[in-house]
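Just so we're aligned, residue 270 is where the sequence shown starts under the working numbering, counting upward by one. Backbone N, C-alpha and C fix where the C-beta goes; we use that ideal spot for every residue, glycine too.
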Amino acid sequence: MVTVGFVAEGDSDEFLPQSKAFRNWLRDECNLKVVDPVVHAGGNGNMCNRKIKDYVDKLRIQANPDKVVVLADLDPDQCAPCVEKRKTIIGNNGIDLVVIARKAIESWFLADTEAMRSWTGDKVFLEDLPETMEGMPWDRLKQIGIDMGRGPGSSKPSFAKKFIRKNGFDVRRAGNHPNCPSARYFVEKLCALGKADGSA
Numbered sequence: 270m271v272t273v274g275f276v277a278e279g280d281s282d283e284f285l286p287q288s289k290a291f292r293n294w295l296r297d298e299c300n301l302k303v304v305d306p307v308v309h310a311g312g313n314g315n316m317c318n319r320k321i322k323d324y325v326d327k328l329r330i331q332a333n334p335d336k337v338v339v340l341a342d343l344d345p346d347q348c349a350p351c352v353e354k355r356k357t358i359i360g361n362n363g364i365d366l367v368v369i370a371r372k373a374i375e376s377w378f379l380a381d382t383e384a385m386r387s388w389t390g391d392k393v394f395l396e397d398l399p400e401t402m403e404g405m406p407w408d409r410l411k412q413i414g415i416d417m418g419r420g421p422g423s424s425k426p427s428f429a430k431k432f433i434r435k436n437g438f439d440v441r442r443a444g445n446h447p448n449c450p451s452a453r454y455f456v457e458k459l460c461a462l463g464k465a466d467g468s469a
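Printed below as a string of C-alpha cells:
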C-alpha cells in the first residue's frame, strides 16, 4: 500500500482528505493510504509563492509519505489566471501531484449533483457550469441557500465540513459531471499514483 500525504491550501480543502469516505475509497480502489496530518497552508494566497516548499517539507518530516499531493484553488482573481500558471507558481519540488480546483473547491461541491440535492432538498437540482460560472462558487452556494430560505452560513470551512460529512460529497461524482474536468483530473491522477506502484 502506497502512503500519500496532502498539503491543502485552505480550510475548506483540508476536509476532503480528512474524510473517512474519501480515505476508504483510496484504500479500497486505489492502493493508497492517507497519512496524517493533512498540512494546512493557511489559505490567503500562501501557495502563490515559493513558501509551498516549507509546507511540503513539514509534511515529509511529520508523516513521511511515499507520495505528496498538493490541493489548491485557482482563485483567478487573487493568484493566477490559469491552471498552468498556478502550477508553475507552486512548482514540483518534492511534489508528486498538483491538483488545482478551477476557481475553488466549492466548484466541486456544486458538481456533485447528488450531494447538492441532499443539501437543497431539490430533487431536480443541476448546476450546469460549476467551474465556469460567473463569479465564485461560494457566492453561488450562498445564493442557492438564500433561495432555499436559509444560507450555507458565513463560514466556508464549516459548510465544507458539513457538506462532506452530512451530505455525502463524493469527488468521484463531481468528476463525473460533464463540466467539471478539474475534479475528474483529481480522481484519475490520484488513483493512478497508487496503482502505478504495481502492488494494487
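Mind checking who residue 307 pairs with in its DSSP beta bridge?
Residue 307 is not bridged by DSSP to any residue.
Between the CA atoms of residue 429 and residue 407 - distance to the nearest angstrom:
So the two alpha carbons sit approximately 10 Å from each other.
What residues in its chain sit with their C-beta under 8 Å from that of residue 469, if we drop five residues either side in the sequence?
Because the pLDDT at residue 469 is just 40, under 50, the model does not fix this residue reliably, and the point stays unresolved.
Compare the C-alpha of residue 443 against each of 413, 397, 423 and name the closest.
Among 413, 397, 423, the Cα nearest to that of residue 443 is on 397.
Sufficient close CB pairs (3 or more, under 8 Å) joining the segment 318 to 338 to the segment 272 to 283
Verdict: yes, contact present.
Confirm, please, whether the CB-CB distance from residue 341 to residue 364 is below 8 Å.
Against a cut-off of 8 Å, the Cβ pair of residue 341 and residue 364 comes out as no contact.
Proximity winner among 272, 328, 271, 281, relative to residue 423 (alpha-carbon distances):
Scanning 272, 328, 271, 281 for the CA closest to the CA of residue 423 turns up 281.
Buried or exposed: which applies to residue 449, given that a residue is buried once 16 or more other Cβ atoms fall within 10 Å of its Cβ?
By the neighbour-count rule (16 or more Cβ atoms within 10 Å), residue 449 is buried.
Using three-state DSSP, classify residue 369 as helix, strand or coil.
Correct three-state label for residue 369: strand.
Looking only at its chain, what residues have a beta carbon closer than 6 Å to the beta carbon of residue 292, apart from the 5 residues adjacent to it on each side?
Excluding sequence neighbours, residue 292 sits near 303.
Please state the DSSP three-state secondary structure of residue 465.
The DSSP-derived three-state label of residue 465 is coil.
To the nearest angstrom, how far is the alpha carbon of residue 308 from that of residue 368?
If you draw a straight line from the Cα of residue 308 to the Cα of residue 368, it comes to about 15 Å.
Residue 353 burial status per 10 Å Cβ neighbour count (16 or more: buried):
By the neighbour-count rule (16 or more Cβ atoms within 10 Å), residue 353 is not buried but exposed.
Residue 336: buried (16+ other C-beta within 10 angstroms of its C-beta) or exposed?
Label assigned to residue 336: buried.
Mind checking residue 286: buried by the 16 CB within 10 Å criterion, or exposed?
Buried, since its Cβ has 16 or more Cβ neighbours within 10 Å.
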